[in-house]
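This report concerns only the one structure given below.
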Amino acid sequence: MRCGFSILIAFLLLAVCVRATPPNIVFIMADDLGWRDVGCYGNDFIETPNLDQLAKEGMRFTQAYQQTVCSPSRAALLTGMHPARLGITDYLGPQAGEKFLDPKLETINERLKEAGYVSGLIGKWHLTGNYAEGKGSPDKHGWDEVICSETGYIGGGSYFYPYKHITGITAKLGENEYLTDRLNLEACNFIKKNKEKSFFLYLSHYGVHTVLSAKEALIQKYEGKPQAGTRTGAGSDKNNPVLAAMIESVDEGVGKIRQTLEELGLTKNTLIIFTSDNGGEAVRVSRDGNLIPSVTSVAPLRGGKSHLYEGGIRVPLIVSWPGITPNASVCASPVNGLDWYPTLLAVAGLTARGPQPMDGRGIIGALHNPADNTQQPMVWHYPLEKPHFLGGRSADAIRDGDWKLIEFFDSGKSELYNLTTDPSEQHDLASTMTDKADEMRLKLLAWRQSVKVEAPKRWHFLQNDHLKIGINLNAGACIGWLSSMNDPEKNVLDTFDPGRYVQQSYYGNEDGSNWNGQPWRYNGVQGGDWHGLPSTVLEFKSETPTTLYAKTKPRHWTTSKLLEDMIMEEWITLEGPLAHVKFKMTYTGTLNHKAHHQELPAFFVEPEFNTLAYVEKEPWKNTPLTRKKLGPPPPNQYIKLAEHWAAWLNADDYGVGIYTPICDDATCYHVADSDSGCSYIAPFKTMALTPGLVFEYDSFISIGKIQQLREWFTALHLHNTP
4 MRCGFSILIA FLLLAVCVRA TPPNIVFIMA DDLGWRDVGC YGNDFIETPN
54 LDQLAKEGMR FTQAYQQTVC SPSRAALLTG MHPARLGITD YLGPQAGEKF
104 LDPKLETINE RLKEAGYVSG LIGKWHLTGN YAEGKGSPDK HGWDEVICSE
154 TGYIGGGSYF YPYKHITGIT AKLGENEYLT DRLNLEACNF IKKNKEKSFF
204 LYLSHYGVHT VLSAKEALIQ KYEGKPQAGT RTGAGSDKNN PVLAAMIESV
254 DEGVGKIRQT LEELGLTKNT LIIFTSDNGG EAVRVSRDGN LIPSVTSVAP
304 LRGGKSHLYE GGIRVPLIVS WPGITPNASV CASPVNGLDW YPTLLAVAGL
354 TARGPQPMDG RGIIGALHNP ADNTQQPMVW HYPLEKPHFL GGRSADAIRD
404 GDWKLIEFFD SGKSELYNLT TDPSEQHDLA STMTDKADEM RLKLLAWRQS
454 VKVEAPKRWH FLQNDHLKIG INLNAGACIG WLSSMNDPEK NVLDTFDPGR
504 YVQQSYYGNE DGSNWNGQPW RYNGVQGGDW HGLPSTVLEF KSETPTTLYA
554 KTKPRHWTTS KLLEDMIMEE WITLEGPLAH VKFKMTYTGT LNHKAHHQEL
604 PAFFVEPEFN TLAYVEKEPW KNTPLTRKKL GPPPPNQYIK LAEHWAAWLN
654 ADDYGVGIYT PICDDATCYH VADSDSGCSY IAPFKTMALT PGLVFEYDSF
704 ISIGKIQQLR EWFTALHLHN TP
């Protein structure tokens, strides 16, 4: 049955592709239109008869997604690439700096030219970046016509002529011309002008983005409805008359476009797509820092624009393609804004080509048959330096089948939801379904690695006059930063091993886990597993600029499992040129291991520190140092630490050292490979994992010339020796 249906789809696609003129494409995107702001999605206040009719004659999607804010969504639509690849993960406002849509990329309008399409952009672009420089302006992206597109930042709104953000145009609809009406007029004129050709029209509305502004007669119409709120916009009013009037103007344009197509005899050969760039503005931050209702409703979904909850990323999507989309059909298959690039290529009879990645999937099958449920995981990457003014937080999210995981970078916490049983995302299952949560985290990690992006590190810094030390709270509160106050922005540590950095770990007996095809051991690691899944920070406090305490539930380094029977704690104190780190491991399980060498702790530094200096003989007598320049692989080497310390040095004899008083040997290596370069040392201690074990030890780390390091560690040894 499935095979037969696939053959039918292929036949229909072939029929489309061999037409003398491929179908016209009208892509209409509203700005900040909420999931329930349209009548056919359940809104009984706002009147959208033309969109409702479009749904009756086409297909309505109930699980269509975009990005959290507009610039990333538009970049995804136009390039077919995840915006994380482009570095456009937030809206390009005044803070955009050098970010813009690179003209070297092939946008969908440029590809459609190969099939004979003439293309027109009418309205919002929002991918220029710095408007004064104009490096990403639409005229550099191959449009045949660019009409009424902004020449300045549009965030403040300007819906009546003269438009503050669009220069060089005069009114065509009178002195009080309304911008949405003007865009609708230009869209119809573009269709009339190009009626003899195949055309791609991208009508990109500025409405219904706040600041809200609409035609007074329409506002009064909605104010006269019994269920109307006030026109002020914020607060508890969900039936906002100004918002409703703005949406009706967008809807009127849909009707005028369809009327123009009908008059020109183009209806049957035109694909119309209507959607929004992100969720509606449903919540915003109040003066006291709480989330309060804003101008629209996305019920029963949670959140709104800038949030990775469903209300921020799920959008209305209506598609009408006569002869292809069944009338009044409803598709529940999850689709994504990234999917339109490959879909429109297929519509035009074109195929994807390298080297530009294609992150979406074609949804031609769903357009023919709403029951088609072919899907792939969807990922959102939304790193923020500070929370969005509408309440969105720095986070990533992944949806795979019924499941959705949100990983918050600002807290290190994750939330897990089953969207089939809990579309409102009210029941977080992350703590009860830990295996599923970890499975989703691993998929999210794999995606980040595939597109070469990283989760932001959440740093807490300690510093004195000598040292600056950073604790990465999103990696089990382990140390990931060490620098001298002479150069505080140069981190000498390397994150080659995402699970360990500088902290304790424990290697026990073989437990059946697997590492590169070999049996491994019980191995709790404070930072996280070798993939980079973080351990859980149970408690964290830093009462002074030079001290902190952290309590962590570690992960097994190879299997990623959280170890319920182990707790790891650390106390860090800056003492002059030394960072004193005290570690404690408490084991409450039942394993009874034989004694093994354990790493206490792992210590990774940048590849420039490639020479190891230490004392191998005659301890504490100022004997000559042993120096080893390690590598090439296999790099592991065993060394004897007569003075319980070692230092990694660069060519200037400057380096970083670690002193662990209870350890007199270590393993170390150096890899110079450009992708995985690191210098590493792990002092050893022979110990066994037994029920009730409590193990504590101290380490000291510092930065300086080798002679300074040696003097500091020697003085420390003499001070602590009876």
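Sequential numbering of the sequence shown, starting at 4, is according to our numbering.
Here a beta-carbon is modelled for each residue, glycine too, at the ideal position from N, C-alpha and C.
If you look at Cys43, you'll find it isn't in any beta strand (DSSP E); DSSP assigns it neither H nor E. Look at the beta carbons and you see the segment 288 to 306 not touching the segment 267 to 274: under three pairs across the two are nearer than 8 Å. DSSP, reduced to helix, strand and coil, places Ala553 within a strand of the structure shown.
Judged by beta-carbon spacing, Gly159 lies beyond the 8 Å limit of Ala33, meaning their Cβ atoms are not closer than that value. When only Cα atoms are considered, Arg287 and Ile472 end up about 36 Å apart. Take the alpha-carbon of Phe48 and the one of Arg444: they are about 40 Å apart. Using a Cβ distance threshold of 8 Å, Leu496 and Trp484 count as a contacting pair.
Residue range Val697 to Lys708 is occupied by the beta strand (DSSP E) that includes Asp701. As computed with DSSP, Tyr662 is found in a beta bridge with Trp648 and Phe703. Taking Lys407 as the centre and dropping the five residues before and after it, the same chain places the C-beta of Tyr420 and Leu422 closer than 6 Å to its C-beta, in chain order. Rounded to the nearest angstrom, the Cβ distance from Cys43 to Ala58 is 4 Å, consistent with a contact under 8 Å. As a beta-bridge residue in DSSP terms, Phe607 pairs with Tyr683. In this structure, DSSP gives Pro345 a helical state, which the three-state scheme calls helix. Going by DSSP, Ala220 is part of no beta strand (DSSP E) but of the alpha helix (DSSP H) stretching over Glu219 to Glu226. A straight-line Cα-Cα distance of about 59 Å links Val121 and Met488.
A distance of 8 Å or more separates the beta carbons of Lys688 and Leu594. Residue Glu109 holds the alpha-carbon nearest to the alpha-carbon of Gly357 among Glu109, Val29, Lys259 and Tyr166.
Under the 10 Å beta carbon count, Trp462 is surrounded by fewer than 16 other beta carbons and is classified as exposed. A check of alpha carbon separations from Leu551 across Val584, Met690 and Thr663 identifies Val584 as the nearest. Scanning Ile709, Tyr683, Val697 and Leu581 for the CA closest to the CA of Val618 turns up Ile709. The C-beta distance from Glu113 to His144 rounds to 7 Å, short enough to fall under 8 Å. When the five nearest sequence neighbours on each side are left out, the beta carbons in the same chain lying within less than 8 Å of the beta carbon of Asn653 are those of Glu611, Phe612, Asn613 and Thr614, in order along the chain. Per the coordinates, the alpha-carbon of Lys138 lies some 26 Å from the alpha-carbon of Phe193. Counting only runs of at least 4 residues, the segment 407 to 488 fully encloses the following alpha helix (DSSP H) elements, listed from N- to C-terminal order: 437 to 454. Bounds of any beta strand (DSSP E) do not take in Glu266; it lies within the alpha helix (DSSP H) bounded by Pro244 to Glu266.
Listed in chain order, the non-local C-beta contacts of Ala118 below 8 Å within the same chain comprise Pro25, Ser201, Ala351, Gly352 and Leu353, local neighbours out to five positions each way being set aside.
Each residue's CA atom was taken as its position, placing Thr154 and Gly292 some 34 Å apart. Contact check for Ser427 and Phe412: beta-carbon distance about 24 Å, past the 8 Å limit, so the pair fails to qualify.
With a 10 Å radius around the Cβ and a threshold of 16 neighbouring Cβ atoms, Val333 comes out exposed. In the assembly as shown, Leu274 is a buried residue. Its beta-carbon has 16 or more other beta-carbons within 10 Å.
Exposed is the label assigned to Pro97, since fewer than 16 other Cβ atoms lie within 10 Å of its Cβ. Under the three-state reduction of DSSP output, Glu113 falls in the helix class. Its chain contains Cys73, Ser74, Arg77, Tyr94, Leu95, Glu153 and Ile157 as the residues whose beta carbon lies nearer than 8 Å to that of His129, once the 5 sequence neighbours on both sides are disregarded; these appear in chain order. DSSP places Lys200 outside any beta strand (DSSP E), giving it a letter other than H or E.
Closest in alpha carbon position to Thr82, among Ile111, Ile474 and Thr71, is Ile111. Under DSSP, the beta-bridge partners assigned to His559 are Gly527.
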